[in-house]
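Working notes, beginning with the structure itself.
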Amino acid sequence: MDYPKMRAIAEQLGAYAEQLEGTWSVEIGPSGPPLAMMCPSKRHEGTVRRICKQLDQQLLTTHPGYGCIPGPEVEHPALGRMRRPDAVVIPEDVLDEEGIAVDASHVLAIVEIVSPSNPDNGYVEEISEYPAMGIAHYMIVDPRKGTIEVHSEPCGNRYRRMDPYIYGDLVPFGPWQVETSAFRRYGKAGNDPA
């Protein structure tokens, strides 16, 4: 199926999802547009917020006019892919354009927080799709294990470089740094479960 048809189906599913209970997301992966329920936990959203705040402060110096934005769809029509990452680094004026999705050519970096309900998504499908889209920097944060992977140097459908970190590290991410000491893991005693 060609991308315009998949995109039309994704938009219909998105309109349908707005009428459903819960939070739903539509993405276009290798097998077409699935409708996937997302139930992000407070820990998930807290991690996204911490990362966006840190990157926004640094972007003022490294890339004025850019922001770390939670949740816009990113598409690459030639590849037939549309994803909704947890956060993207893009020019802020892209958000003023018509349409729903951000063209992947505008994206400097993507951040994904591993979901307890679909943990393999970031490590399997997206790890090959983001470099194919030309995304220079990809960070996977895994609150299940307290680990972070920073991927860079895209080449075809893979990243040549992967640097592992753990919660508590100061993590280099492209020209920025992310302090992870305040990140919280899923399901730790005395705290909300994922």
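Residue numbers for the sequence shown follow the working numbering, beginning at 11 and rising by one.
Beta carbons are placed, not taken as given, at the ideal position from N, Cα and C, and that holds for glycine.
These numbers were taken from a predicted model, which means no experiment stands behind them.
Where does residue i fall in DSSP's three states?
i    : result
R170 : strand
E107 : coil
A146 : coil
What first and last residue would you give for the beta strand (DSSP E) that runs through residue i?
i    : result
P182 : L180 to F183
S162 : T157 to C165
A142 : Note, A142: premise wrong, no beta strand (DSSP E); alpha helix (DSSP H) at E135 to A142.
E85  : V84 to H86
State the start and end residues of the unbroken alpha helix (DSSP H) segment that holds residue i.
i   : result
R60 : K52 to T72
Return the CA-CA distance between residue i and residue j, expressed in angstroms with no decimal places.
i    : j    : result
G200 : S125 : Note that G200 scores 39 on pLDDT, short of 50, meaning its location in the model is unreliable and no value can be drawn from it.
Y76  : C165 : 24 angstroms
M149 : A97  : 10 angstroms
I176 : R154 : 12 angstroms
R91  : R194 : 31 angstroms
S191 : V151 : 13 angstroms
H116 : L69  : 15 angstroms
Out of the options, which one is the CA nearest neighbour of residue i?
i    : options                   : result
E122 : S191, G90, P101 and P82   : P82
C62  : P80, T71, L70 and G75     : P80
I158 : Y196, R93, V181 and T72   : V181
A146 : E135, R170, Y133 and Y196 : R170
D66  : A88, W186 and T57         : W186
Compare the C-beta of residue i against all C-beta atoms of chain B and say whether one is closer than 8 angstroms.
i    : result
V121 : The chain inventory of the structure shown lacks chain B, comprising one protein chain alone.
Worksheet item: Touching or not, the region 140-160 and the region 101-109, by the rule of three or more beta carbon pairs under 8 angstroms?
Response: no
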